[in-house]
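Asker:
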Amino acid sequence: MVTVLLIVHGLVAVALLGAITHQALSVWAPARARPGSFFGRYRTVPTGAFTNAIIVLYSVTAVLGAIVYLYFRVDVRPALEQASRWEALGFFDLKEHFIAIGLALLPAYYVCWRPSRNEESTRTRMALTSMLAFIVWWSFLVGHVMNDIRGFG
Amino acid sequence: MIYPSAFRRFAFAFGAAFAVLYVVAVAKKLALFTVYPSLGLVVWGTHFSRDVVDPALGFLAPAMYWYGWAATAALGALVVGLLAAAMPERWARRVWPGWLWVIPALAMLGCVYLTVPWFSLNP
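Residue numbers (our numbering), protein chains in the order written: chain R, 14 to 166; chain G, 8 to 130.
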């Protein structure tokens with residue numbers, strides 16, 4: 014059961030990773046990229062439309078991760094402690110902390126992606142999107158490496 | 008659709024307050040509840056394995072605080088967010104919106120600092 018949950022958690026995380034990366038690149042990259050180029054087409058997608066999907070995917074990934082975390086604490090972490098993989102446990106702790114902080118930023122992130130002509134709002138949107146992208150990438154990579162070190166089953 | 012400024016104030020205050028309170032909860036071990044996954048037990052407040060089983064058998068009942076820390080921070084941030092929503096709009100205009108990302112960024116650095124002990128353990 015936990016293996017199925019972990020796989021679903023990973024698949025939803027992949028979708029989230031794609032969406033947030035797309036949005037983060039669009040807020041940083043210039044909108045004047047050559048229209049016919051791959052990046053030009055990539056950039057011209059209305060990334061504001063990704064916002065709701067990102068919020069749902071982030072929330073679902075966090076909830077699934079919170080459930081899997083119970084099994085991790087009982088089945089996986091003791092083995093990592095016995096193997097003295099302290100750095101892996103440290104990185105995993107950071108992942109949990111960052112995810113919690115990111116989860117609480119979702120309402121503000123939602124507000125920031127609403128239409129606004131305010132220059133300050135655009136900067137805040139860029140900063141929040143980048144922060145969430147960092148959290149998602151960090152969590153994805155650490156989760157993936159942890160599973161490589163010691164998975165379930 | 009432009010969102011009502013009360014919700015905007017709530018969302019901004021909630022995000023920033025959560026980040027601060029989360030770091031405080033982790034640093035001070037202020038978990039609203041403790042989870043013992045192997046026992047299927049949830050206990051109010053911060054408890055340690057030695058509180059529920061013999062210290063020598065602590066490894067059989069690992070305690071989890073992450074859920075409790077997040078709940079503590081969420082509860083506190085909810086109060087701050089509601090206060091911010093009730094605040095007059097003219098007060099809110101004086102607050103620099105950049106705090107919304109500066110505060111969580113600093114909180115993340117705080118989390119890194121709190122995690123440093125893991126990396127100083129000898130393999």
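Virtual Cβ for every residue (Gly too), placed ideally from N, Cα, C.
Is the shortest distance between the beta-carbon of H22 of chain R and the beta-carbons of chain G less than 9 Å?
Answerer: Residue numbering aside, residue 22 of chain R sits at position 9 when the first sequence is read from its first letter. Judged by the 9 Å Cβ criterion, H22 of chain R is not in contact with chain G.
Asker: On the DSSP bridge list, what partners appear for M71 of chain G?
Answerer: Counting from 1 along the second sequence, the entry for residue 71 of chain G is found at position 64. G:V42, per the DSSP bridge assignment.
Asker: Give the straight-line distance between the Cα atoms of V76 of chain R and A26 of chain R, rounded to the nearest whole angstrom.
Answerer: Here residue 76 of chain R refers to the residue found at position 63 when the first sequence is read from its first residue. Here residue 26 of chain R refers to the residue found at position 13 when the first sequence is read from its first residue. So the two alpha carbons sit approximately 11 Å from each other.
Asker: Mind checking the segment 110-128 of chain G against chain R and listing, in chain order, the residues whose C-beta falls within less than 7 Å of any C-beta there?
Answerer: The residues in question are P111, A112, A114, M115, C118, V119, T122, W125, F126, L128.
Asker: Mark H110 of chain R as exposed unless 16 or more other C-beta atoms lie within 10 angstroms of its C-beta, in which case mark it buried.
Answerer: Locating residue 110 of chain R in the first sequence gives position 97, counting from the first residue. Buried, because 16 or more other Cβ atoms sit within 10 Å of the Cβ of H110 of chain R.
Asker: Give me the subset of the segment 108-119 of chain R whose CB atoms are less than 7 Å from a CB atom of chain G, sorted by chain position.
Answerer: Listed by position, the residues of the segment 108-119 of chain R near chain G (Cβ gap below 7 Å) are E109, H110, F111, A113, I114, A117, L118.
Asker: Name the DSSP beta bridge partners of W51 of chain G, please?
Answerer: In the second sequence, the residue the question calls residue 51 of chain G occupies position 44. Paired residue(s): G:F40.
Asker: Does A121 of chain R have its Cβ less than 9 Å from a Cβ in chain G?
Answerer: For the purposes of this step, residue 121 of chain R is taken as residue 108 along the first sequence, with counting starting at 1. Yes, because at least one Cβ of chain G sits closer than 9 Å to the Cβ of A121 of chain R.
Asker: Would you say Y84 of chain R reaches chain G, if we count a Cβ-Cβ gap shorter than 9 Å as a contact?
Answerer: Counting from 1 along the first sequence, the entry for residue 84 of chain R is found at position 71. Yes, Y84 of chain R lies at the interface with chain G (some Cβ there is under 9 Å from its Cβ).
Asker: By the criterion of Cβ-Cβ separation under 8 Å, what are the contact partners of A18 of chain G in chain R?
Answerer: Residue 18 of chain G sits at position 11 when you count from the first residue of the second sequence. The contacting residues are P120, A121, Y123, V124.
Asker: Using a Cβ-Cβ cut-off of 8 Å (strictly less than) and excluding sequence neighbours within five positions of I68 of chain R, which residues of its own chain qualify?
Answerer: For the purposes of this step, residue 68 of chain R is identified with residue 55 of the first sequence, where counting begins at 1. Counting only Cβ-Cβ distances below 8 Å, and skipping sequence neighbours, we find L119, Y122, Y123.
Asker: Would you check if the segment 37-45 of chain G and the segment 72-80 of chain G touch, i.e. whether three or more CB-CB distances between them fall below 8 Å?
Answerer: Touching, yes.
Asker: Quick one: measure Cβ to Cβ for M159 of chain R and A96 of chain R, integer angstroms, because I've assumed they're closer than 8 Å.
Answerer: Taking the first sequence and counting its residues from 1, the one referred to as residue 159 of chain R is at position 146. Taking the first sequence and counting its residues from 1, the one referred to as residue 96 of chain R is at position 83. So it is not a contact: roughly 12 Å between Cβ atoms.
Asker: Where does the unbroken alpha helix (DSSP H) through L128 of chain G begin, and where does it stop?
Answerer: Stepping through the second sequence from its first residue, residue 128 of chain G is reached at position 121. From DSSP, L128 of chain G is part of no alpha helix (DSSP H); its letter is neither H nor E.
Asker: In whole angstroms, give me the CA-to-CA distance for W108 of chain G and A18 of chain G.
Answerer: Translated into positions along the second sequence, residue 108 of chain G becomes position 101. Translated into positions along the second sequence, residue 18 of chain G becomes position 11. Approximately 12 Å between the Cα atoms of the pair.
Asker: Put A42 of chain R into one of helix, strand or coil per three-state DSSP.
Answerer: In the first sequence, the residue the question calls residue 42 of chain R occupies position 29. Coil at A42 of chain R, not helix or strand.
Asker: Looking at I148 of chain R: is its Cβ nearer than 9 Å to the Cβ of G115 of chain R?
Answerer: Translated into the one-based positions of the first sequence, residue 148 of chain R becomes position 135. Translated into the one-based positions of the first sequence, residue 115 of chain R becomes position 102. Going by C-beta atoms, I148 of chain R is nearer than 9 Å to G115 of chain R.
Asker: Tell me the residue span of the alpha helix (DSSP H) that contains A101 of chain R.
Answerer: In the first sequence, counting from the first residue as 1, residue 101 of chain R sits at position 88. Segment 99-125, the alpha helix (DSSP H) holding A101 of chain R.
Asker: Does the beta-carbon distance from P44 of chain G to R98 of chain R come in below 9 Å?
Answerer: Numbered from 1 along the second sequence, position 37 holds the residue referred to as residue 44 of chain G. Numbered from 1 along the first sequence, position 85 holds the residue referred to as residue 98 of chain R. Taking 9 Å as the Cβ cut-off, P44 of chain G and R98 of chain R do not qualify as a contacting pair.
Asker: Classify F126 of chain G: buried if its beta carbon has 16 or more other beta carbons within 10 angstroms, exposed otherwise.
Answerer: Position 119 of the second sequence holds residue 126 of chain G. That one is exposed.
Asker: Measuring only the C-alpha atoms, how far is D106 of chain R from G49 of chain R?
Answerer: Within the first sequence, numbered from 1, the residue matching residue 106 of chain R stands at position 93. Within the first sequence, numbered from 1, the residue matching residue 49 of chain R stands at position 36. Rounded to the nearest angstrom, the two C-alpha atoms are 44 Å apart.
Asker: Leaving out the 5 sequence neighbours to the left and right, which residues in its chain are closer than 8 Å to A92 of chain G when beta-carbon positions are compared?
Answerer: As a working mapping, residue 92 of chain G is identified with position 85 in the second sequence. A13, F14, R16, F17, A20, listed in sequence order.
Asker: For the putative contact between T34 of chain R and W126 of chain R, defined by C-beta atoms under 8 Å, what is the C-beta separation to the nearest angstrom?
Answerer: The residue you call residue 34 of chain R lines up with position 21 of the first sequence. The residue you call residue 126 of chain R lines up with position 113 of the first sequence. That belief does not hold up - the Cβ atoms of T34 of chain R and W126 of chain R are roughly 16 Å apart, past 8 Å.
Asker: Terminal residues of the continuous alpha helix (DSSP H) containing T64 of chain R?
Answerer: Indexing the first sequence from 1 puts residue 64 of chain R at position 51. From DSSP, the alpha helix (DSSP H) with T64 of chain R extends over 64-84.
Asker: Using a Cβ cut-off of 8 Å, pull out every chain R residue sitting near P44 of chain G, in sequence order please.
Answerer: Working through the second sequence from its first residue, we reach residue 44 of chain G at position 37. Those are L83, Y84, R86, V87, listed as they occur along chain R.
Asker: Only counting the same chain, and skipping five residues up and downstream in sequence, which positions put a Cβ closer than 6 Å to that of M139 of chain R?
Answerer: In the first sequence, counting from the first residue as 1, residue 139 of chain R sits at position 126. Excluding residues within five positions, the ones whose Cβ falls inside 6 Å are V40.
Asker: Note the first and the last residue of the continuous alpha helix (DSSP H) segment covering T60 of chain R.
Answerer: Position 47 of the first sequence, counting from 1, holds the residue named residue 60 of chain R. T60 of chain R -> no alpha helix (DSSP H), and no H or E assigned at all.
Asker: Under the three-state reduction of DSSP, which class applies to R57 of chain G: helix, strand or coil?
Answerer: Here residue 57 of chain G refers to the residue found at position 50 of the second sequence. Helix.
Asker: Compute the Euclidean distance between the alpha carbons of L141 of chain R and F51 of chain R, then round it to the nearest angstrom.
Answerer: Within the first sequence, the letter at position 128 stands for residue 141 of chain R. Within the first sequence, the letter at position 38 stands for residue 51 of chain R. Between L141 of chain R and F51 of chain R, the C-alpha separation is close to 26 Å.
Asker: Kindly list the residues whose CB is nearer than 7 Å to the CB of A84 of chain G, restricted to its own chain and excluding five residues on each side of it in sequence; keep chain order.
Answerer: Along the second sequence, one-based indexing puts residue 84 of chain G at 77. For A84 of chain G, where only same-chain residues beyond five positions count, the Cβ hits under 7 Å are F21, A24, F25, L28.
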